[in-house]
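A.B. asks:
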């Protein structure tokens with residue numbers, strides 16, 4: 314059976330291996346809902362509804378009680394109860410399951426992992442509803458980000474790890490010639506051995522997109538994985554664990570190689586489990602404070618963190634001013650700025666924005682941007698589709714508190730969802746500040762909060778942005794410029810800070826988006842993240858090579 | 314010029330890339346002294362003598378004073394004075410040199426690094442004398458280990474890092490089809506960006522073999538490197554730095570990409586420099602106490618350590634009893650046990666050692682092993698050749714102190730070197746202890762100190778050895794057995810502990826030896842080392858990938 318799964322998925326894996334080498338566009342899982350059937354949305358909704366007011370079934374060891382109290386940002390109470398298991402019981406069971414998984418080898422493990430992804434793909438619409446009603450994303454955003462795009466990140470992780478593992482030969486014959494003696498001959502066997510039990514700490518905004526790289530990278534390299542979802546966003550990862558366990562079981566492996574660890578926000582277990590001596594890998598996405606805590610404290614483990622930073626935009630000059638505004642407006646609005654990739658600080662100089670025909674004065678740019686934002690969001694159905702809802706009440710409070718950080722140039726408004734009257738929906742707040750006011754705009758303000766930062770010159774914009782990204786971290790830098798020297802300066806800054814750079818996005822690509830198999834999400838080089846999703850370093854230290862040799 | 318170096322060394326690099334994938338025998342640098350010319354030894358000696366009683370020339374910035382007080386374990390005072398430079402000046406210069414090195418790209422950097430290795434190869438005999446008169450190795454051991462074999466480890470590191478870097482395409486065209494619109498098209502550029510300034514902390518026994526992997530892995534991935542030799546073993550790494558700087562200069566790069574940092578044992582700088590905020594990678598080989606300190610404290614850097622452990626031998630049964638004894642005797646004697654790979658605890662059960670025709674009782678095995686050791690070392694020229702001299706007086710004192718740890722079954726004797734009457738030469742001390750006496754044999758006793766550990770059964774030997782290796786770490790486990798079930802048990806232990814396993818070495822391969830391009834030296838999986846020399850994880854986290862994208 315395991316071998317069959319490898320044979321079944323070999324062609325896809327081969328394509329994935331080509332894709333990570335070419336890094337062009339490749340999207341193996343359909344990104345159009347239509348591809349999932351005419352009734353896919355309704356079927357997904359029914360499947361989701363069936364979980365509500367019910368017990369989520371997971372046959373895990375060490376169940377102590379049941380828990381979970383998710384409330385949809387759209388106002389629904391999910392009332393799903395999950396088994397809560399003792400971490401020690403899950404770790405013991407995971408360790409017991411490990412040796413057979415090691416011995417299965419990279420091919421079999423990769424086959425099983427791709428099978429999981431393929432089954433998760435079939436659940437994409439069910440997942441979309443689950444993610445919508447936990448993270449607040451609109452259904453279409455949730456479908457894409459938590460369905461095919463998350464699965465693609467998972468497949469990318471499998472491909473990276475598989476490539477690294479397969480670069481180690483399984484056996485070798487070492488034959489050293491000698492003078493006047495027959496050669497020395499040794500047969501050698503090389504085995505991929507995992508680091509140990511891995512822990513994935515899920516986040517509240519992109520529970521699958523952010524968890525799948527670490528989850529699949531650890532699992533395919535032989536590490537059992539405990540997944541601890543954010544207590545307010547459990548269902549998407551519970552679905553994932555259920556599919557993974559079922560796949561393992563059918564493939565003849567112990568399902569305890571993957572387990573769900575549920576906790577409550579008033580009794581969190583992440584610190585205790587992350588520092589457990591048997592936890593050897595930790596993957597985390599979320600706020601910088603806890604990310605740093607993990608890096609400092611989970612010393613027994615390899616810790617991979619994706620935290621957050623201050624993403625900067627430099628507006629210098631453009632060939633397409635309307636396109637620039639439109640692109641920026643969508644970037645600021647997408648999922649209400651609840652993305653680690655949302656731009657926060659938009660630097661513009663007092664010289665204004667040079668376009669092909671004229672120079673737009675700074676204050677006019679500010680008016681234009683605000684107007685474009687308002688116009689875009691005045692279309693309520695579109696606004697609801699793009700904004701989604703605010704995941705956490707803390708973010709709502711942050712919008713309110715941020716009003717004092719500068720001069721409001723575009724007010725944040727609450728919108729009413731016709732179907733979900735209690736949904737927390739809020740348009741972005743846009744402020745203007747002076748470049749000197751770094752305390753206001755120079756630290757992460759998670760949510761729909763943007764700043765136009767007024768600098769003297771584009772050079773000042775670049776140099777201040779560099780300092781902030783170096784100190785606070787950033788996942789991306791967007792530069793709008795038609796000037797060669799500015800491009801060169803921006804490129805040098807991007808190399809020095811270790812931040813992904815985009816120029817002149819005015820069409821349908823947004824700075825927030827990172828395409829699987831093509832964009833490296835984060836670099837690991839600045840404080841926003843200590844790892845990249847996904848590069849070789851992200852996978853290579855999850856396993857060791859252990860050799861055995863004997864005379865041939 | 315840089316491009317020419319890449320072209321020049323492309324064939325060798327291509328062979329190296331094949332070798333790391335096949336992991337059979339491959340030795341690109343000649344391992345026979347004859348290949349270096351008829352007068353190679355004498356020429357090497359003259360070159361070495363020219364350094365004595367003189368100032369070592371290095372054109373480095375920030376020279377504060379001159380220092381260095383190496384004394385040969387063979388009794389010569391070297392009286393070489395090196396420039397001592399302020400770490401900050403070297404770091405500033407290194408950082409200034411970095412951008413051009415980044416922009417040169419992987420091909421050029423690899424060409425320059427392989428050129429360095431090729432020039433170091435030409436200095437192999439000079440290096441052999443330098444290593445002999447700092448580490449105490451005999452000339453032939455020093456030649457092999459510090460010359461071709463160290464260069465091979467360096468080339469292996471270049472090949473691993475080069476492969477990882479080249480798996481990242483330099484550019485990509487991302488083209489996403491859209492309905493009713495032309496495709497979205499982005500051009501993407503991916504740049505390999507180093508972590509930052511790297512520090513290599515040299516050791517006192519294998520200064521080049523242990524330093525080259527980290528040095529070349531860091532340098533080829535774009536990191537400038539400061540090399541801080543052990544204060545008693547400076548010359549080998551000073552020679553290395555001189556060759557590296559000259560190569561860089563001739564290739565058109567700033568020589569400050571590589572610098573020598575000299576300190577004194579009474580004013581060590583390693584702690585301060587290793588925790589300097591601008592040091593982003595640390596490679597260390599040496600004692601476990603300082604290795605652990607680095608792992609705990611150099612938090613701003615990626616730290617790679619090769620420390621030490623308790624290497625175990627399990628003697629159960631054999632088809633070749635004389636071969637077993639002979640092999641073990643040489644393993645215990647080689648460079649007087651001053652190798653991190655020297656076996657320390659030889660477990661034998663009270664059931665004795667089963668051979669083809671009989672069972673050798675335990676006490677007879679102990680007598681046989683002692684006799685074989687004495688016989689082997691009674692041939693003084695051979696003994697001097699194999700043992701070399703004791704690098705540090707501390708090791709001499711440790712031999713003395715270890716006598717009380719068990720019952721001496723083979724005394725350690727001082728030998729007199731006809732040419733160097735003051736040389737510290739000492740044969741191995743062999744003790745017998747009970748398996749329960751873990752405090753005696755269960756921690757590392759660096760130097761020519763071995764234990765025969767008496768256990769009840771081979772199963773007990775294996776289980777106690779597993780516990781010790783798990784807790785103290787080990788670089789290797791040698792098992793002598795003709796029993797299938799024992800092989801299986803040993804294999805499972807090796808996977809659980811993450812230790813390299815060898816079976817039945819009775820001919821010309823010794824447990825101490827790790828062959829470049831074939832054997833993985835250490836695994837990173839147990840406390841003996843947190844990294845492997847050399848695997849993907851050893852190179853992959855030395856660099857980041859930074860991308861830039863713009864509409865096509």
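Chains as they are written, first to last, in the numbering used here: chain L, 314 to 865; chain C, 314 to 865.
The C-beta atom is built at its ideal place from N, Cα and C for all residues, glycine as well.
1. So, are the CB atoms of residue 426 of chain L and residue 529 of chain L less than 8 Å apart?
2. Do residue 588 of chain L and residue 619 of chain L come within 8 Å of each other at the CB atom, strictly closer than that value?
3. For a minimum of 3 consecutive residues, which ranges assigned as the beta strand (DSSP E) are wholly contained in the stretch 386-465 of chain C?
4. Which whole runs of the beta strand (DSSP E) in the stretch 620-697 of chain C are 3 residues long or more, in chain order?
5. Out of L/810, L/724 and L/378, state which residue places its alpha-carbon closest to the alpha-carbon of residue 781 of chain L.
6. DSSP three-state call for residue 726 of chain C: helix, strand or coil?
7. How about residue 619 of chain L: is its C-beta nearer than 8 Å to some C-beta of chain C?
8. The beta strand (DSSP E) with residue 500 of chain L in it runs from where to where?
9. Between residue 368 of chain C and residue 541 of chain C, what straight-line distance do the alpha-carbon atoms span, to the nearest angstrom?
10. Could you tell me if residue 761 of chain C is buried or exposed, where buried requires 16 or more neighbouring beta carbons within 10 angstroms of its beta carbon?
11. According to the neighbour-count rule (16 or more other Cβ atoms, all chains shown, within 10 Å of its Cβ), is residue 381 of chain L buried or exposed?
12. Does any C-beta atom of chain C lie closer than 8 Å to the C-beta of residue 415 of chain L?
13. Output, in chain order, the set of chain C residues within a Cβ distance shorter than 7 Å of residue 485 of chain L.
14. Taking C-beta to C-beta, are residue 349 of chain C and residue 437 of chain C nearer than 8 Å?
15. Whole angstroms are fine: how far does the CA of residue 802 of chain L sit from the CA of residue 647 of chain C?
16. Against residue 816 of chain L, what residues of chain C qualify as contacts under a CB-to-CB distance less than 9 Å, listed in chain order?
17. Determine the closest residue to residue 788 of chain L out of C/432, C/859 and C/625, with distance taken between C-alpha atoms.
18. Looking only at its chain, what residues have a beta carbon closer than 7 Å to the beta carbon of residue 485 of chain C, apart from the 5 residues adjacent to it on each side?
19. Given residue 420 of chain L, which residues of its chain have a CB within under 6 Å of its CB, disregarding the five upstream and five downstream residues?
20. Closest to residue 653 of chain C by C-alpha separation, out of C/685, C/610 and C/600, would be which residue?
21. Give me, in chain order, the residues of the same chain whose beta-carbon lies closer than 7 Å to that of residue 392 of chain C; leave out the 5 immediate sequence neighbours on both sides.
22. On the DSSP bridge list, what partners appear for residue 847 of chain C?
23. Mind checking if residue 822 of chain C is an interface residue toward chain L, Cβ cutoff 8 Å exclusive?
24. Let me know if residue 469 of chain C comes out buried or exposed under the rule of 16 or more other beta-carbons within 10 Å of its beta-carbon.
25. State whether the stretch 486-499 of chain L contacts the stretch 819-826 of chain C, with contact taken as three or more CB pairs (one from each stretch) at a distance under 8 Å.
26. Just to confirm, are residue 549 of chain L and residue 412 of chain L a CB contact at a threshold of 8 Å?
27. If contact means a Cβ-Cβ distance below 7 Å, which residues of the stretch 834-853 of chain C contact chain L?
28. Tell me whether the beta-carbon of residue 758 of chain L lies closer than 8 Å to the beta-carbon of residue 651 of chain L.
29. Provide the residue span of the beta strand (DSSP E) that contains residue 364 of chain L, from first to last.
30. If we define contact as Cβ-Cβ less than 8 Å, is residue 858 of chain L a contact residue for chain C?
31. Which value, in whole angstroms, describes the spacing of the CA atoms of residue 863 of chain C and residue 483 of chain C?
32. Give me, in chain order, the residues of the same chain whose beta-carbon lies closer than 8 Å to that of residue 586 of chain L; leave out the 5 immediate sequence neighbours on both sides.
33. Could you name the residues of chain L that residue 489 of chain C contacts, counting a contact when the two beta carbons are closer than 7 Å?
34. For a contact defined as C-beta to C-beta under 8 Å, what are the partners of residue 808 of chain L on chain C?
35. For residue 811 of chain L, go through chain C and note every residue whose CB falls closer than 8 Å to its CB, in chain order.
36. When you compare the CB positions of residue 664 of chain L and residue 836 of chain L, do they come within less than 8 Å of one another, or not?
C.D. replies: On the basis of the supplied data:
1. Residue 426 of chain L sits at position 113 when you count from the first residue of the first chain. Residue 529 of chain L sits at position 216 when you count from the first residue of the first chain. Their beta carbons are under 8 Å apart, which means residue 426 of chain L touches residue 529 of chain L by this criterion.
2. What you label residue 619 of chain L is simply residue 306 of the first chain in a count that begins at 1. What you label residue 588 of chain L is simply residue 275 of the first chain in a count that begins at 1. For residue 619 of chain L and residue 588 of chain L, no; Cβs fall outside 8 Å.
3. 393-398
4. 625-628 and 658-662
5. As a first step, residue 781 of chain L is located in the first chain; it is residue number 468 there, counting from the start. When each option's Cα is compared against that of residue 781 of chain L, the closest is L/810.
6. One-based indexing of the second chain puts residue 726 of chain C at position 413. Residue state, collapsed to three classes: coil.
7. Here the question's residue 619 of chain L lines up with position 306 in the first chain. Cβ-Cβ to chain C under 8 Å: no for residue 619 of chain L.
8. Counted from its first residue, the first chain places residue 500 of chain L at position 187. That run of the beta strand (DSSP E) goes 494-507.
9. By 1-based counting over the second chain, the position of residue 368 of chain C is 55. By 1-based counting over the second chain, the position of residue 541 of chain C is 228. If I take the Cα positions, the gap works out to 18 Å.
10. One-based indexing of the second chain puts residue 761 of chain C at position 448. Burial call: buried.
11. For this step, residue 381 of chain L is matched to residue 68 along the first chain. That one is buried.
12. Numbered from its first residue, the first chain carries residue 415 of chain L at position 102. Yes, residue 415 of chain L lies at the interface with chain C (some Cβ there is under 8 Å from its Cβ).
13. In the first chain, counting from the first residue as 1, residue 485 of chain L sits at position 172. 335, 336, 337 and 831, listed in chain order.
14. Translated into the one-based positions of the second chain, residue 349 of chain C becomes position 36. Translated into the one-based positions of the second chain, residue 437 of chain C becomes position 124. Cβ atoms of residue 349 of chain C and residue 437 of chain C: closer than 8 Å.
15. Taking the first residue of the second chain as 1, we reach residue 647 of chain C at position 334. Taking the first residue of the first chain as 1, we reach residue 802 of chain L at position 489. Approximately 56 Å, taken between the alpha carbons.
16. Position 503 of the first chain, counted from the start, is the residue given in the question as residue 816 of chain L. By Cβ distance, chain C contributes 861, 862, 863 and 864.
17. Counting from one through the first chain, the residue named residue 788 of chain L turns up at place 475. Of the candidates C/432, C/859 and C/625, the one whose C-alpha sits nearest the C-alpha of residue 788 of chain L is C/859.
18. Taking the first residue of the second chain as 1, we reach residue 485 of chain C at position 172. Within the same chain, residue 485 of chain C has close Cβ partners 501.
19. For the purposes of this step, residue 420 of chain L is identified with residue 107 of the first chain, where counting begins at 1. The residues are 319.
20. In the second chain, residue 653 of chain C corresponds to position 340, counting from 1. Per the Cα distances, C/600.
21. Looking up residue 392 of chain C in the second chain gives position 79. Excluding sequence neighbours, residue 392 of chain C sits near 365 and 366.
22. Taking the second chain and counting its residues from 1, the one referred to as residue 847 of chain C is at position 534. Its beta-bridge partners do not exist; DSSP assigns none.
23. For the purposes of this step, residue 822 of chain C is taken as the residue at position 509 of the second chain. It does; some Cβ of chain L falls within 8 Å.
24. Translated into positions along the second chain, residue 469 of chain C becomes position 156. So residue 469 of chain C counts as buried.
25. yes
26. Start at 1 with the first residue of the first chain, and residue 549 of chain L comes out as number 236. Start at 1 with the first residue of the first chain, and residue 412 of chain L comes out as number 99. No.
27. 836, 837, 838, 845, 848, 849, 850 and 853
28. Position 445 of the first chain, counted from the start, is the residue given in the question as residue 758 of chain L. Position 338 of the first chain, counted from the start, is the residue given in the question as residue 651 of chain L. Result no, Cβ atoms of residue 758 of chain L and residue 651 of chain L do not sit closer than 8 Å.
29. Taking the first residue of the first chain as position 1, residue 364 of chain L is located at position 51. No beta strand (DSSP E) holds residue 364 of chain L; the alpha helix (DSSP H) holding it covers 353-364.
30. Sequence index remark: in the first chain, residue 858 of chain L carries index 545 (1-based). Interface residue, yes.
31. Residue mapping note: residue 863 of chain C aligns to position 550 of the second chain, counting from 1. Residue mapping note: residue 483 of chain C aligns to position 170 of the second chain, counting from 1. The alpha-carbon atoms of residue 863 of chain C and residue 483 of chain C are separated by roughly 14 Å.
32. As a position in the first chain, residue 586 of chain L is number 273, starting the count at 1. Excluding sequence neighbours, residue 586 of chain L sits near 400, 512, 539, 541, 574 and 592.
33. Sequence index remark: in the second chain, residue 489 of chain C carries index 176 (1-based). Those within 7 Å of residue 489 of chain C in chain L are 338.
34. Residue mapping note: residue 808 of chain L aligns to position 495 of the first chain, counting from 1. Here the neighbours are 412, 415, 504, 506 and 859.
35. On the first chain, position 498 is the one that residue 811 of chain L refers to. The answer, in chain order, is 506, 857 and 859.
36. Counted from its first residue, the first chain places residue 664 of chain L at position 351. Counted from its first residue, the first chain places residue 836 of chain L at position 523. Against a cut-off of 8 Å, the Cβ pair of residue 836 of chain L and residue 664 of chain L comes out as no contact.
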